[in-house]
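Undergrad:
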Amino acid sequence: MSQINKILVANRGEIAIRVMRTCRELDIETVAVYSEADRTSLHVRYAHEAYLIGKAPSNESYLNIEKILEVAKNCGADAIHPGYGFLSENAKFAQRCLEEGIIFIGPNPDVIVKMGDKIQAREVMSKAGIPVVPGTDGAITSEEEALSIIKEIGVPVMIKASAGGGGKGMRLVKNESEVVSAVRAARSEAKSSFGDDSVYIEKYITSPHHIEFQILADQHGNAVHLFERECSVQRRHQKMIEETPSPLMTEELRETMGKAAVEAAKAVKYTGAGTIEFLVDNDLNYYFLEMNTRLQVEHPITERVTGVDLVKQQIKIAEGQELEFTQDDLIQKGHAIECRIYAEDSDNNFMPSAGKIYKISEPLGLGVRTDGYVYEGYEIPIFYDSMISKLIVWGKTRDEAIRRMRRALYEYKITGVKTSIKFLERIMNNKNFIDGNYDTHFIEKNQEQLLNNDSCEDCDDMVIIAAFIDYLDKLGNSEKNQKEFTAAQSRWKKIQFINHF
Ligand code: MV4
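Start counting the sequence shown at -3; every next residue gets the next number (the working numbering).
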């Protein structure tokens, strides 16, 4: 057991703040690191300490292992939380933390390596009795071998890069005649993206659901699952909406898949928070797809229905504490939905929309949570992910959660940059979504309805502009308001004074 008193968060944006929020609740000191593009980022201001680690491009800052370790050692951090993306699934980073005597808040490097290699992951899970998609046992060694395997399992198949995941290095083969070129294309893409050209073959599941199970495992061999997340609403492997429970799930399937997820975690002696991804077909057959060895973007919906703070559990596990609950203690209460707010133009091929946040007003009220990091006047850097916020709602039922999400999206006002809010509203009003009738092809299948065909949507912007002009007018022109402003300033100073004690 080693108590953690100071955590360096090796990340930026909403997740850096999310992690620090829990640290503050646990009286753990927080250390931010930031790039030159992030001097004015909120995670820097939120932390107890903050250190510049390099230039804007991730390679020169958030991915600079030695620089981050140097900061951690110099400021006396006991542990590093990697968030998601960046170094979160980098085995070398986990290894270097270990060597430097700094706790990496995540699994051991060997587990990261094993699960990062998709062929090995398939093998391990298959041996542990977990269903994997029918396909090759190992990497394919020749195009002839590929062809004979495909003759055996039948088209369509997918050629996948062993070092891939999240859709990179994948090729769909609908016809035997395409095999040779698909294998070559997948290999060369894998080689240039990952420096590893091993590929394997899986039977193609035509219209699958993407359903993942959250797991927690401690260093004493205890492991539990925290139920599923339905993540099928995605576009080009970028998730847009996640919900729990999954509308597809039955109580029986949940129990079976939950047990499989726990078995999967135990099979690799996993520690910390992790996710087992499955594909589920329309006949409710489920197949292990991959394991994510990090905290995920969509973790808040699980927190909302289970009442478990996943970051807090990650920290306790990293300290060597035993899980404080068993499987039987965990229940899924009500329904949670997350909408990801991207700074992008949904009506213009989802082009990233760079620029300054002019005005932002976030939803509040019963059952609403936002995990974000942008503020009025903040300029979104072009170097990183375009997700600016996550909106999470809870309702007693799925219907209540959808209605609450519509209400919250209505309240969400952002000007200065384009966002995905309107697109998300259209999904919340889509009949198939409302009926829970969707799979991973939802967005393409419902494209017609999801396109902007309501010219009045823009009227909303007018209302914000009018209100803002009114606000500026009051702020600048009234002597009475000027006086109030001065009074407020002195009170602010008083509050600062109190805070220092
Ligand atoms: C598949 C599949 C169908 N059959 N594998 C896409 C991301 C990567 N993690 C795996 N992916 C898929 N693998 C077989 N054998 C369909 C997908 C897939 C997908 C999976 C999850 C969520 C969204 C998806 C969108 C398109 C394709």
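By construction, the Cβ of each residue, glycine as well, lies at the ideal position given by its N, Cα and C atoms.
Is the distance from the Cβ of E198 to the Cβ of V151 below 8 Å?
TA: Not closer than 8 Å, so no.
Undergrad: Does the Cβ of I126 have 16 or more other Cβ atoms within 10 Å, making it buried, or fewer, making it exposed?
TA: Buried.
Undergrad: Go through its chain and collect everything with a Cβ distance to G163's Cβ below 7 Å, but skip five positions before and after it.
TA: Cβ neighbours of G163 beyond the five flanking positions: H233.
Undergrad: Locate the beta strand (DSSP E) running through V389, then write down its first and last residues.
TA: Its beta strand (DSSP E) spans residues 383 to 391.
Undergrad: What's the call for R14, buried or exposed, on a 16-neighbour Cβ count within 10 Å?
TA: Flag for R14 reads buried.
Undergrad: Does the beta-carbon of H206, which I'm using as the reference point, lie nearer than 7 Å to any heavy atom of the ligand MV4?
TA: Within the cutoff, so yes.
Undergrad: List the whole-angstrom C-beta distance separating I11 from G79, where the pair is believed to meet the contact cut-off of C-beta under 8 Å.
TA: I11 to G79, Cβ: 4 Å. Contact.
Undergrad: Do you know how far the Cα of E259 is from the Cα of A124?
TA: Rounded to whole angstroms, A124 to E259 spans 7 Å at the Cα level.
Undergrad: Look at I417 and I337 and say whether their C-beta atoms are less than 8 Å apart.
TA: Cβ distance < 8 Å, so I417 and I337 count as in contact.
Undergrad: Hey, quick one: how far does the alpha helix (DSSP H) through S342 stretch, first residue to last?
TA: Premise fails: S342 is in no alpha helix (DSSP H) and is neither H nor E.
Undergrad: Quick one: what's got a C-beta closer than 6 Å to V307's C-beta in the same chain, skipping five residues either side?
TA: So the list reads V15, T18, once near-sequence residues are dropped.
Undergrad: Under three-state DSSP, which class holds S158?
TA: The answer is strand: DSSP assigns S158 an E or B state.
Undergrad: If you draw a straight line from the alpha carbon of P204 to that of A462, how long is it in whole angstroms?
TA: Looking at the two C-alpha atoms, the distance is approximately 46 Å.
Undergrad: What does the alpha-carbon distance come out to for the pair I439 and E375?
TA: Answer to the nearest angstrom: the Cα atoms are 30 Å apart.
Undergrad: Return the chain-ordered list of same chain residues with a C-beta closer than 6 Å to the C-beta of H77, the five sequence neighbours on each side being excluded.
TA: So the list reads I3, V5, V15, I101, once near-sequence residues are dropped.
Undergrad: Would you please state the rounded distance, in angstroms, between the beta carbons of E238 and E226? I believe it to be under 8 Å.
TA: Indeed they touch by this definition, with Cβ atoms about 7 Å apart.
Undergrad: Would DSSP call M287 helix, strand or coil?
TA: M287: strand per DSSP, three-state reduction.
Undergrad: Shorter than 7 Å, the distance from the beta carbon of L244 to the closest heavy atom of the ligand MV4, or not?
TA: No, since every heavy atom of the ligand MV4 falls outside the 7 Å radius drawn around the Cβ of L244.
Undergrad: Where does K386 land, buried or exposed, given buried means 16+ other C-beta within 10 angstroms?
TA: K386 comes out buried.
Undergrad: Thinking C-beta only, is I49 closer than 8 Å to V67?
TA: The answer is yes: Cβ separation under 8 Å.
Undergrad: Would you call the region 396 to 409 and the region 358 to 372 in contact, with 3 or more CB pairs under 8 Å?
TA: Taking 8 Å as the limit for Cβ pairs, the verdict is that the region 358 to 372 does touch the region 396 to 409.
Undergrad: Within 10 angstroms of the Cβ of R487, are there 16 or more other Cβ atoms? Answer buried if so, exposed if not.
TA: Caution is warranted here: a pLDDT of 45 is assigned to R487, below 50, making its placement in the model unreliable, and the coordinate value is therefore given only provisionally. The residue is exposed, with fewer than 16 neighbouring Cβ atoms inside 10 Å.
Undergrad: Taking its Cβ as the centre, do 16 or more other Cβ atoms sit within 10 Å of I207, making it buried, or is it exposed?
TA: Label assigned to I207: buried.
Undergrad: Should Q234 be listed as close to the ligand MV4, given that the test is whether its C-beta is under 7 Å from any heavy atom?
TA: No, Cβ of Q234 sits at least 7 Å from all heavy atoms of the ligand MV4.
Undergrad: With DSSP collapsed to three states, give me the class of M16.
TA: Helix at M16.
Undergrad: For N344 and Q443, I'd like the C-alpha separation in whole angstroms.
TA: Each residue's Cα considered, the two are about 13 Å apart.
Undergrad: So, for N428: in the same chain, excluding its five sequence neighbours on each side, which residues have a beta-carbon less than 8 Å away from its beta-carbon?
TA: Excluding residues within five positions, the ones whose Cβ falls inside 8 Å are Y434, F438, K441, N442.
Undergrad: Do you know whose CA, among G72, A33, N70, K69, lies nearest Y58's CA?
TA: Of the candidates G72, A33, N70, K69, the one whose C-alpha sits nearest the C-alpha of Y58 is A33.
Undergrad: Can you tell me whether M154 is buried or exposed, with buried defined as 16 or more other CB within 10 angstroms of its CB?
TA: The residue is buried, with at least 16 neighbouring Cβ atoms inside 10 Å.
Undergrad: On the three-state DSSP scale, how would you describe R8?
TA: The answer is coil: DSSP assigns R8 none of H, G, I, E or B.
Undergrad: Is any heavy atom in the ligand MV4 found nearer than 7 Å to the beta carbon of V169?
TA: It does not: the Cβ of V169 is nowhere closer than 7 Å to a heavy atom of the ligand MV4.
Undergrad: From V276 to A159, what distance separates their C-alpha atoms?
TA: Answer to the nearest angstrom: the Cα atoms are 23 Å apart.
Undergrad: Looking at Q230 and T415, is the spacing between their C-beta atoms short of 8 Å?
TA: No, these two residues do not count as a Cβ contact at 8 Å.
Undergrad: With C-beta atoms as the reference, is T267 less than 8 Å away from Q292?
TA: No, the pair does not count as a contact, with Cβ atoms beyond the cut-off.
Undergrad: Output the residue ranges of the alpha helix (DSSP H) runs that lie fully inside the region 101 to 142 and measure 4 residues or longer, sorted by chain position.
TA: Listed in chain order, the complete alpha helix (DSSP H) runs (minimum 4 residues) inside the region 101 to 142 are 105 to 112, 114 to 123.
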